[in-house]
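Residue numbers (this note's numbering): 596 to 931.
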């Protein structure tokens with residue numbers, strides 16, 4: 596297949612591209628290489644891909660309508676995986692305009708490109724943050740998600756709604772992926788695992804919000820990419836039965852689905868810190884802080900729908916995943 600991946604220099608995007616290239620697909624990667632975090636890390640991720648003759652890279656911003664229109668017009672993509680987005684819950688409080696541009700305008704350009712290009716399947720990143728102020732655990736695709744508590748979450752919920760409208764009107768098969776705290780080698784420096792490791796090695800205190808009473812459904816990146824690959828090959832066709840009086844929020848008569856992609860096993864942040872301490876052979880200093888705006892105390896994914904549809908359930912243990920992350924971290928930063 597010929598797959599376009601937006602956000603190809605990102606954590607998940609570059610890992611997915613490597614996986615697709617390994618199975619023989621042709622991949623066109625798109626990324627604007629913005630400076631939200633260290634650009635050299637993004638360039639290093641891309642360097643793992645450019646040796647393949649089946650990979651091509653285009654530096655572009657999905658919010659640029661003319662560039663995206665020309666990209667779709669000049670290529671025959673079988674599938675599109677949209678992982679380009681302005682990430683981060685906390686940053687959305689400080690800089691909301693970045694989320695409007697990338698996550699709403701940019702995603703609109705992707706949808707229109709898929710319509711004009713006759714794309715066979717659009718797979719796109721949503722987020723566990725769409726569950727917002729929900730307190731029923733585990734989070735299920737059947738839950739109502741109409742109460743986001745950050746603009747980032749609202750933009751991801753909007754993506755799901757926009758995709759549904761295009762699936763309904765133009766019969767574009769689309770699958771939204773609600774990722775739960777993805778971690779592993781080549782991860783993002785603004786996420787907990789990277790921040791904790793950096794603080795431990797520099798002897799600086801780790802910031803634990805809600806006074807340490809936080810649980811996250813940490814999901815290893817290779818499990819995430821396996822789920823994506825299986826779902827790329829499994830485009831939705833829409834329900835054939837008569838619609839219920841109250842529709843299921845996770846399915847539709849249109850060729851549209853959303854899936855949780857999580858480990859189905861939330862971990863206390865204190866346990867994560869303990870495993871990192873063991874891996875790096877150093878104790879961590881801890882700074883206990885109150886809950887931050889836009890944050891939630893716990894995430895926990897119900898992944899039964901994913902298992903039913905593609906026969907896969909993320910299962911990498913936190914111990915194994917952190918060991919692999921720590922080994923990569925030492926190598927990347929050339930630590931003894």
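The C-beta atom is built at its ideal place from N, Cα and C for all residues, glycine as well.
{"Item": "Reduced DSSP category for residue 754 - H, G, I as helix; E, B as strand; rest coil", "Value": "helix"}
{"Item": "Bounding residues of the alpha helix (DSSP H) (the contiguous stretch that carries residue 745)", "Value": "It is not in any alpha helix (DSSP H) - residue 745 carries neither H nor E in the DSSP assignment."}
{"Item": "For residue 851, the three-state DSSP class (helix, strand or coil)", "Value": "strand"}
{"Item": "Pick from 779, 755 and 764 that is closest to residue 770, judged by C-alpha positions", "Value": "755"}
{"Item": "Straight-line gap, residue 901 to residue 908 (C-alpha atoms, nearest Å)", "Value": "7 Å"}
{"Item": "Under 8 Å between C-beta atoms of residue 758 and residue 706", "Value": "yes"}
{"Item": "Presumed contact (8 Å Cβ cut-off) between residue 919 and residue 780, rounded CB distance", "Value": "6 Å"}
{"Item": "Top-ranked residue by Cα proximity to residue 821, from 682, 622 and 857", "Value": "857"}
{"Item": "Local Cβ density within 10 Å of residue 751, reported as buried at 16 or more and exposed below that", "Value": "buried"}
{"Item": "Cα-Cα separation between residue 916 and residue 815, rounded to whole angstroms", "Value": "6 Å"}
{"Item": "Spatial distance of residue 687 from residue 746 (CA atoms)", "Value": "6 Å"}
{"Item": "Spatial distance of residue 893 from residue 788 (CA atoms)", "Value": "16 Å"}
{"Item": "Nearest residue (CA-CA) to residue 784, options 853, 683 and 930", "Value": "683"}
{"Item": "Start-to-end residues for the beta strand (DSSP E) that takes in residue 718", "Value": "716-722"}
{"Item": "Whether residue 853 touches residue 736 by CB criterion (8 Å)", "Value": "yes"}
{"Item": "Buried versus exposed, by CB contacts within 10 Å (16 or more), residue 711", "Value": "exposed"}
{"Item": "Nearest-angstrom Cβ-Cβ length linking residue 717 and residue 768, presumed shorter than 8 Å", "Value": "7 Å"}
{"Item": "CA nearest to the CA of residue 883, picked from 692, 805 and 891", "Value": "805"}
{"Item": "Residues near residue 921 in its chain [Cβ-Cβ closer than 6 Å; skip 5 each side]", "Value": "874"}
{"Item": "DSSP-derived helix/strand/coil call for residue 815", "Value": "strand"}
{"Item": "Contacts around residue 656, its chain only, beta-carbon distance under 6 Å, and the 5 residues preceding and following it disregarded", "Value": "627"}
{"Item": "Endpoints, the alpha helix (DSSP H) within which residue 704 is located", "Value": "701-712"}
{"Item": "Pairwise C-alpha distance: residue 734 and residue 886", "Value": "20 Å"}
{"Item": "Residue nearest to residue 866 in terms of C-alpha spacing, selected from 650, 903 and 808", "Value": "808"}
{"Item": "The alpha helix (DSSP H) enclosing residue 793, as first and last residue numbers", "Value": "787-797"}
{"Item": "Whether residue 612 touches residue 622 by CB criterion (8 Å)", "Value": "yes"}
{"Item": "Nearest candidate by alpha-carbon position, reference residue 669, set 850, 677, 599 and 629", "Value": "599"}
{"Item": "Cβ distance (whole Å) where residue 868 is taken to contact residue 791 below 8 Å", "Value": "6 Å"}
{"Item": "Whether residue 740 touches residue 607 by CB criterion (8 Å)", "Value": "no"}
{"Item": "Close Cβ partners of residue 602 (< 8 Å) along its chain, the five nearest in sequence each way excluded", "Value": "608, 625, 626, 677, 678, 679, 680 and 720"}
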